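First up is the structure itself, then whatever we jot down about it.
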Amino acid sequence: MWDLGQLLGALRPDTLLTAPFVPLTVGDTLRLLGLGSDQRLKTFLDLQLKLYSQVGADETALLYAATALSVSQGPQGLWHLQGSMQTLGDRLVEALKHYGGEVFCGQRVEHIHCDQGQVQGVTVRDVRSGEVRQEKARQVVANLTVQNLLQALGQPLPGYQKG
167 MWDLGQLLGA LRPDTLLTAP FVPLTVGDTL RLLGLGSDQR LKTFLDLQLK LYSQVGADET
227 ALLYAATALS VSQGPQGLWH LQGSMQTLGD RLVEALKHYG GEVFCGQRVE HIHCDQGQVQ
287 GVTVRDVRSG EVRQEKARQV VANLTVQNLL QALGQPLPGY QKG
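Numbering-wise (our numbering), the sequence shown opens with residue 167 and increments by one.
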């Protein structure tokens, strides 16, 4: 009932103007405008839309695309790194080392050791040599999926339950 109330509250003349576009994809709109065979435009839109919706123009909803593509326009704009994306990783490594951290690449986290909710260290496997070792740590930054994090912890997180 609450959702219906929210929907009805959002229905104003200016939002109702978008109703005819709800079922359309970007690809549908290109074809309606006679631009469906413009391969250069289609390629450009595919590349842009895959950044935001992970699918091309033929599968991206028109209204979503209008919002997503406007992000790169003012006043929001996009931020670009000087150099390349590697610059971001380099700066993160610099910051971690500056504050006493160590960075280990090419390591598979086998287990994150905790005691009373506090990290004590990790067991890692070197993916090249297969060597397994333990590292003591008060904090851990890892690139893991939620499922792999739960597996590495070996126990459910407090307050986390599958639903």
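Yeah, the Cβ is synthetic: ideal placement off N, Cα and C, and Gly gets one too. Only a predicted model underlies this, so the values are computations on that prediction, with no experimental measurement involved.
Can you grab the Cα-Cα spacing for the pair residue i / residue j, in whole Å?
i, j, result
"HIS279", "SER250", "35 Å"
"LEU215", "GLU297", "42 Å"
"VAL288", "GLU268", "13 Å"
"HIS264", "GLN284", "23 Å"
"PRO189", "GLY200", "18 Å"
"LEU198", "PHE187", "12 Å"
"ASN314", "PRO179", "48 Å"
"LEU316", "PHE270", "20 Å"
"LEU213", "ARG206", "11 Å"
"LEU258", "ALA232", "33 Å"
"GLY217", "SER295", "The sequence as given places Leu at residue 217; Gly does not occur at that position. Cα to Cα, LEU217 sits roughly 36 Å from SER295."
Is the separation between the beta-carbon of residue i and that of residue j shorter than 8 Å?
i, j, result
"VAL192", "LEU170", "no"
"VAL307", "ARG299", "no"
"VAL275", "ALA223", "no"
"THR226", "SER219", "yes"
"THR253", "LEU262", "no"
"GLY202", "LEU211", "no"
In terms of residue numbering, what span does the beta strand (DSSP E) encompassing residue i cover?
i, result
"GLN273", "273-281"
"VAL192", "Careful: VAL192 lies outside any beta strand (DSSP E), inside the alpha helix (DSSP H) at 192-198."
"ARG299", "298-302"
Could you please give the first and the last residue of the uninterrupted alpha helix (DSSP H) stretch that includes residue i?
i, result
"GLN284", "It is not in any alpha helix (DSSP H) - GLN284 instead sits in the beta strand (DSSP E) that spans 284-292."
"TYR230", "228-236"
"SER295", "Careful: SER295 lies outside any alpha helix (DSSP H) and carries neither H nor E."
"GLU260", "252-264"
"SER219", "205-219"
"GLN305", "Premise fails: GLN305 is in no alpha helix (DSSP H) and is neither H nor E."
If residue i sits next to residue j, beta carbons under 8 Å apart, how far is it from one beta carbon to the other, in whole angstroms?
i, j, result
"GLY320", "VAL293", "Not confirmed; about 21 Å, so no contact."
Given 8 Å, three or more beta-carbon pairs between the segment 301-319 and the segment 263-281: yes
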